[in-house]
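**Q** Dropping the structure in here first, questions after.
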Amino acid sequence: MAQDDNLDFAAVLVTAVHDMKNSLFMLLQSIETLAADIEDTSPEKSKQIATLHYEASRLNSGLMQLLALYRYEKQKLPINISEQFVFELLEEQITRNQTLSENKKIDIHLNVDPDLTWYMDTELITYLMNDILVNSLRYTKDKIKISAKIHNMQLEILVEDNGPGYPEQMLQLGENELADFDSTRGRTGLGLFLAKKIASAHQINDNTGHISLKNGGELGGSQFMLTLP
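So the sequence shown is numbered by full-length UniProt numbering: it starts at 1 and just counts up by one.
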């Protein structure tokens, strides 16, 4: 094969992932429309559609992870900072996953000042928060609480649930070990590894964004905290 005919496999892969993401987005919209149409007529089918929506959301998150990992590997995790209403961003993620939360009868409480704004990369933080919410929906018993506030001149977003919490070994892992973590309970550390990278990409002077994981709190399950400078 001539040199000019050689393909940049990474570039082709990124293009393919973008195309798949667009198709998945259309699929998710169709699933949401279908779920709304049959919600009151067939509870069993509604449950199956909610499961389908959840799995499609996980596929979408997986594709986003591939893109983020590629950019991180190339040291090109671009940050586009703009002012964002925090309530709107978080409410959008709740609405996006409404099909699953309603079918599983999970109560999601959002406690955020509607006027609260912060500077962030909206696309990356949207991905991060959606991934955390999807995981909470999977593991919680029936309650999720999302809150946000300014503390010490930094934005803190807290996601809590009343599920079994993070595995103890996950709480003790370092950053590189977290990327490889995959427990028998199904939790993966890859999303959290990327969450750390996205958070730390937000930096003002000596202040760097970060995440923290705990168990307990008001609901007794997992607690995910995102802090942005």
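By construction, the Cβ of each residue, glycine as well, lies at the ideal position given by its N, Cα and C atoms. Because the structure is a prediction, the values reported are computed rather than measured.
Please classify ASN152: is it buried, with 16 or more other beta-carbons within 10 angstroms of its beta-carbon, or exposed?
**A** Exposed, because fewer than 16 other Cβ atoms sit within 10 Å of the Cβ of ASN152.
**Q** Three or more C-beta pairs under 8 Å: does that hold for the region 85–104 against the region 32–47?
**A** With the cut-off at 8 Å, the region 85–104 and the region 32–47 touch.
**Q** To the nearest angstrom, how far is the alpha carbon of GLU83 from that of THR41?
**A** So the alpha carbons of these two residues sit roughly 42 Å apart.
**Q** Among LEU63, THR140, PHE25 and GLY165, which residue has its Cα nearest to the Cα of LYS105?
**A** Closest option to LYS105, Cα to Cα, is THR140.
**Q** Could you tell me which uninterrupted alpha helix (DSSP H) segments, each at least 4 residues in length, are contained entirely in the region 90–123, listed from first to last along the chain?
**A** Listed in chain order, they are 98–103.
**Q** Here's a check: name, in chain order, each residue in its chain whose Cβ is nearer than 6 Å to the Cβ of PHE85, leaving out the five neighbours to either side.
**A** So the qualifying residues of the chain are THR117.
**Q** Please determine, among LEU192, LEU66, LEU194 and VAL134, the residue with the shortest C-alpha to C-alpha distance to ALA16.
**A** Comparing Cα positions, the closest option is LEU66.
**Q** Can you round the beta-carbon distance between LEU63 and LYS21 to whole angstroms, since I take them to be within the 8 Å contact cut?
**A** Right, the Cβ-Cβ distance comes to about 5 Å (below 8 Å), so this counts as a contact.
**Q** Going by C-alpha distance, which of MET26, ALA50, THR51 and LEU124 is nearest PRO78?
**A** Nearest of MET26, ALA50, THR51 and LEU124 to PRO78, Cα basis: LEU124.
**Q** Is the beta carbon of PRO167 less than 8 Å from the beta carbon of GLN203?
**A** No, the Cβ-Cβ distance between PRO167 and GLN203 is not below 8 Å.
**Q** Taking the Cβ atom as the reference point for each residue, do GLU160 and LEU110 lie within a distance shorter than 8 Å?
**A** No, the pair does not count as a contact, with Cβ atoms beyond the cut-off.
**Q** According to DSSP, is ASN207 helix, strand or coil?
**A** Correct three-state label for ASN207: strand.
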